[in-house]
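Q: After the structure tokens below, expect a handful of questions from me.
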Amino acid sequence: MSEAGPVTNQQPLFPVVGVGASAGGLRALECFFETMPAAPGMAFVVLMHLAPDKHSLLTEILSRLTNMSVTVAQDGLVVEKNNVYVLPPNATLAMASGTLKLHVTDALHHERAPIDAFFSSLACDRGNYAVGVVLSGNGNDGVLGVKAIKEAGGFTLAQTRDSSGPDFSGMPDSAIASGMVDFAISVRSMPDRLAKIFQAPDGAGDSAARSEESEEEAVAEGARAAICALLIRKTGHDFSGYKTGTFMRRVHRRLKMHQCANVANYIQLLESDSHEATQLFHDLMINVTDFFRDREAFEALRQTVIPRLFEGKGASDWVRVWTPGCSTGEEAISIAILLREYMDGLPSPPRVTVFATDIDENALAKARAGRYPEQLLRHVSPERRDRFFIAYPGGYMVAPVVRDICVFSPHNILRDPPFSRMDMISCRNLLIYFDAEAQRRAFPLFHYALRPGGFLFLGLSETIGRFSDLFAPFDNVKCVYRASEASRTTRLPLSVSGLPLAPFAGRPSDAASAKGALQLREVVESRVARLTPPHVVVAADGEILYASARTGKYLELAPGAPNRQLLTMAHKDLRLDLRGALREALQTGQITERANVRFETENQGFDYVSLRVEPLPERTGDVPELLIVFRECAPGAGEAAPGCAHPPAPEANRVDAELRDARKQLHTTIEEYEIALDELRSANEQMMSLNEELQSSNEELESSKEELQSVNEEMQTVNQEILNKVQDLDRANADLSNVFVSVRIAAIFLDRHLAIRSFTPPSAQLFNLISTDVGRPLTHLTTTLDYPGLEDDLRKVLDGGGPVELSVRNKDADPRYYLIRLTPDCDSAGAVNGVVATFIDAPSLSRAEQSIERLFAERLKAMQAMAAGLAHEINQPLAAIVMYLEALRRQAAAKPDARPASLETLLDKVIGQSLQAGRIIHNLREFISQNEPNTTIFSLHDLIRETVDQFKAVAQSDAPLLTLALNAENDRAVADRTQINQVLVNLMKNGQEAMEGSSQRELTIRTSRIEDDMVRIDVADTGAGLDSAVQSRLFEPFLSTKMRGMGIGLPISRKIIEAHSGKLWASPNPCGGAVFSFTLPLAAHVSSEIVA
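The opening residue of the sequence shown carries number 0 in numbering that gives the first Met the number 0; numbering runs sequentially from there.
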């Protein structure tokens, strides 16, 4: 069947080129059509991703670039060569029978991959006259389309980078990465390449194609045999079992790609170019497959077949599936997913293995990697995609839960021994490429490989044919069959020679000689039946293997059960001569003849025949065969032919009568001889029966040998998989070692006896380790760590106590801290096999300890100073209280009439001094407290005015002159209103006290904005100013320059301001006195969460 699809109205076939583009595709299309001839003899269909809601000007643009007719594609439009058809927006396009099929969609449901859709229909309709071109664009639209065109025998091109683009390389790069692009070239080179592929002149394409087909019909078998021989020699693979039509179509595809004039020239190219042999091999592979191809068939497999594979099987059993011709693994992965879904629901699932085989090593490498672009997973449901695949940039990778049950290995089903004891074989869309002889060999091999009742899953275009004795239908619609109990001897291939090559007919010199040979063969075959004498071919035991026409005069069907023995079917008058001639020919190996053998005819007359027995050349492995020719002849000398004009003489009558009597006696002797021969044959049959029993035993031994060989093949497959895993493990170990060395983490791996399995170089410094310490218990070694509880913690982890984390310092004078983590080392089943101990140097802990010690010393010093100041401040009021109480006691001892009037004054002083001591303690608590401020947003200017009013009310006549200069344009402060009021009161009181005795008493409060988010408040007085010796220590606790001061107000104020992310400082007033300034944050850059 031709790969080119049907055309309308018997139009001559011509190429149809689908051109797909997306982002940046307009520039590429301009370059493509600018260099295209005016009449290239092809039709072009332009498919560009267009905005569904905008009018396209692509038709007008392309019309200015080419002399070909450019039209918008319409439904039912017949495609004609030298025309360009443009896909309109909001539509998808297909091609059937040379006609465009347009499907209009809405903006919400437009086709996401219009290029794939059209390329696939183009492949089905045009076959090897289909061309797919992928130009600039993002995404991967076109990948599936070029695969479909390649499978149908067409040609594919993709744009590579040059001055003309592509501006966006996603689409062409994805197509090239699929391995299905024939020519990855610049867009300006594409017209010339297309012209060379289809170089027949305009109007002559169809006649040239018909001439080519006629020529190939005459020489296809010989060329096929020659090419197969070259492929065996250069690639090691035999394609003689490939269907001739498909094989030669692939050859002609390569022939066009190299512009070879004929097959003979291509054979010369194959002989000289090993790379071309490899390319032809990959073309013949047709590695086109898909996940869950024919979804209804896989759904039926999931529902009806998969559960039966697990029936009666437990944890100690094995479910085995074989997928020959697995290509890049999609079919095998699909079946593995179905198996994994079912086995995950079993309490004790059996072991499951999918043996996936192919002869293409490149395809197997892709299958082993298990990485597929996203476009290939379009038939995989989102649930299965999330469960059984892992996303990575550009595609998906098969998850280990599925990949681990698949074994990919090279295997030739017609050459290598098959697998055995399989529960299911999935061989879909492989047998359609086999010829009848290859299929005849494949089905018995599948029956041998399956256990009784095992399942055979075929493609929708494949059937079991005449092998209904080996397989019974299980689901005819979905092509699922079960292996029957029938026993058929299957001879397994035990050599690597593969299928026998077809006889090489020689290379034709030209088409004329091939045509003459064809005519000669027809002439010979038309006359051979009439001119050839009757003849039969028999085996050495006399069984007739073949009989020609017109043998009825010499052979007849014997009565009783049908029998094909020559001596039983032969005419009774010919048996004696036939037996002797056969025996002589077998013994000597030479041609034996018996001339003028007379036999009686049906009308009581006599005829004469010459017998010629010729041994045939033995075929390999077969028994000897003999050709027997019956040739009519005239009577010999001295004998009169029947119907002679002269009657025989009396003497002749007497001799004739005696001869008849002798013949009768001879006939009787022959019959007796045959009886004895039958008895001997009976005895011989008994011996043969015994021999058959021996042969049966021998076959059983041979079968065992074949099973062992099959098991050995499986072991080799598993061993190859193990080697691959070992290589992966070696790479992982190397990566792990490099990680340990690069990150410089001290790690020690211990077994269950706390013996060292391995360690990283940094850990050697902590435990004084050397390479010979591997195997020694870690607890027997000295360590620089101050960690006496190490062994107890290790055993706690081993006993299932969970991980242990702590920080430990070393024993050196210069302290260093290490973060230690002890974790259990568990296997896949969760059992603890040891401990992993990691030791991370933590210099920050060492610095933190030093900082704590420094802060502690500073705090102790501050506390000592505070204690001295506190003792001074409290002792002063306490001494006054004692003095006043002594005076009260003396006055109380006097007589009532002698008591002085100052008694109430002394009591007031005692109360005042007690309150002063209380204030000291209150201020001390306030200084020490760490309460967080209650932050709100308020007007700072309003707070200053309120504070001034309060200050004036308390000070009354003693208040200084107060001046406000509130210049900040934004006064929305973020602070604790009460605490800021306290700071203002403290600073104003300090200023008032500093100005006592001064002739000029003026207190000024100013505000100004210093940054976008800060405001500054200045409280300036005109007092005596700041002493330079005291200014640097002004904010220390209990330091006061006033007679009545405690020295704690300013430290408390600084603490409040710093808690608001501000600063408090003192500086001299240029007008005399001092200025105390502080800053606060504004509300403009504070989030509502802080304000709240």
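For each residue, glycine too, the CB sits at the ideal point set by N, CA and C.
Computed from a predicted structure; not experimentally measured.
Could you give the residue range of the beta strand (DSSP E) that holds K100?
A: That run of the beta strand (DSSP E) goes 98 to 103.
Q: In the DSSP output, what is F950 paired with across the bridge?
A: Paired residue(s): none; F950 is not in a bridge.
Q: Since C405 sits in a beta bridge, which residues does DSSP pair it with?
A: Paired residue(s): V353.
Q: Would you mind stating whether V608 and L626 have Cβ atoms separated by less than 9 Å?
A: Going by C-beta atoms, V608 is not nearer than 9 Å to L626.
Q: Tell me the DSSP secondary structure of Q991 in three-state form.
A: Three-state result, Q991: helix.
Q: In terms of alpha-carbon separation, which member of V628, V16, L581 lies closest to A549?
A: Reading off the sequence shown, one finds Arg at residue 549, where the question assumed Ala. The option with the nearest alpha carbon to R549 is V628.
Q: Can you name, in chain order, every residue of its own chain whose Cβ lies under 6 Å from the Cβ of R1000, other than the five neighbours on each side?
A: Correct list, in chain order: P959, M994.
Q: Please state the DSSP three-state secondary structure of L493.
A: Reliability fails at L493, whose pLDDT of 41 lies under 50, so the model's placement of it is uncertain and the value that follows must be treated cautiously. Coil, per DSSP.
Q: Is P776 helix, strand or coil when you go by DSSP?
A: Of the three classes helix, strand and coil, the one that applies to P776 here is strand, per DSSP.
Q: Which residues mark the beginning and the end of the alpha helix (DSSP H) in which C30 is found?
A: Run containing C30: 24 to 33, per the alpha helix (DSSP H) assignment.
Q: Could you check whether D124 and V44 sit closer than 9 Å to each other, using their CB atoms as the reference points?
A: Taking 9 Å as the Cβ cut-off, V44 and D124 do not qualify as a contacting pair.
Q: Below 6 Å CB to CB, which residues in the same chain sit around L254 once its five sequence neighbours on both sides are set aside?
A: Result list for L254: Y265, in chain order.
Q: Drop a sphere of 10 angstroms on the beta-carbon of K704, count the other beta-carbons inside from all chains shown, and report buried for 16 or more, exposed for fewer.
A: K704 is exposed by the Cβ-count criterion.
Q: Just tell me which of L156, N137, V351, N602 has its CA closest to the CA of V145.
A: Comparing Cα-Cα distances from V145 to each of L156, N137, V351, N602, the minimum goes to L156.
Q: Using only CA atoms, which one of F291, V1074, T352, F197 lies nearest to D316?
A: Of the candidates F291, V1074, T352, F197, the one whose C-alpha sits nearest the C-alpha of D316 is T352.
Q: What residue range does the alpha helix (DSSP H) around P171 cover?
A: Residues 169 to 176.
Q: Is it true that the CB of P113 sits closer than 9 Å to the CB of G23?
A: It is not a contact, given that the beta carbons lie outside the stated cut-off.
Q: Just to confirm, is the Cβ distance from S173 to V132 under 9 Å?
A: Contact: no.
Q: Under DSSP, the beta strand (DSSP E) around G452 begins and ends at which residues?
A: Run containing G452: 449 to 457, per the beta strand (DSSP E) assignment.
Q: Determine the DSSP secondary structure at C426, reduced to helix, strand or coil.
A: Note: C426 maps to strand in three-state DSSP.
Q: From T934 to I1056, what distance separates their C-alpha atoms?
A: Each residue's alpha carbon lies about 12 Å from the other.
Q: What span of residues does the beta strand (DSSP E) with R1008 cover, start to end?
A: Looking at the DSSP string, the run of the beta strand (DSSP E) that includes R1008 is 1001 to 1010.
Q: Just the Cα atoms here: how many angstroms apart are S1027 and E1035?
A: So the alpha carbons of these two residues sit roughly 15 Å apart.
Q: On the three-state DSSP scale, how would you describe H410?
A: Coil, per DSSP.
Q: Under three-state DSSP, which class holds R506?
A: Only weak support is given to the placement of R506: the predicted model assigns it a pLDDT of 37, under 50, and the question is left unresolved by the model.
Q: Less than 9 Å separating the beta-carbons of L1179 and A116?
A: In the structure as shown, the chain begins at 0 and stops at 1091. Residue 1179 is therefore absent and cannot be evaluated.
Q: For a quick check, are the C-beta atoms of W321 and M256 less than 9 Å apart?
A: Not in contact: W321 and M256 (Cβ atoms no closer than 9 Å).
Q: What's the C-alpha gap between L376 and L337?
A: Rounded to whole angstroms, L376 to L337 spans 15 Å at the Cα level.
Q: For G369, count the other beta carbons within 10 Å of its own beta carbon; 16 or more makes it buried, fewer makes it exposed. Which is it?
A: Label assigned to G369: buried.
Q: Buried or exposed, going by whether 16 or more other CB atoms sit within 10 Å of the CB of E804?
A: Counting Cβ neighbours within 10 Å, E804 comes out exposed, since fewer than 16 surround it.
Q: Identify, in the order they occur along the chain, each residue of the same chain with its Cβ nearer than 6 Å to the Cβ of A511, setting aside the five sequence neighbours on each side.
A: For A511, the pLDDT reaches just 44, beneath the cut-off of 50, and the residue's location in the model is therefore unreliable, although a value from the coordinates is still provided. Same-chain partners within the cutoff: there are none.
Q: So what's D824 in DSSP terms, helix, strand or just coil?
A: Strand, per DSSP.
Q: Report the CB separation of V83 from T98 in whole angstroms; it is logged as a contact under 8 Å.
A: Contact flag wrong, Cβ pair sits at about 16 Å.
Q: I need the straight-line Cα distance from V130 to A95, nearest angstrom please.
A: Rounded to whole angstroms, V130 to A95 spans 15 Å at the Cα level.
Q: Measuring CB to CB, does I769 end up less than 9 Å from T759?
A: Contact flag unset, no.
Q: Let me check understanding here. Comparing Cα to Cα, which of G452, H446, G324 lies closest to S408?
A: With distances taken between Cα atoms, S408 lies closest to G324.
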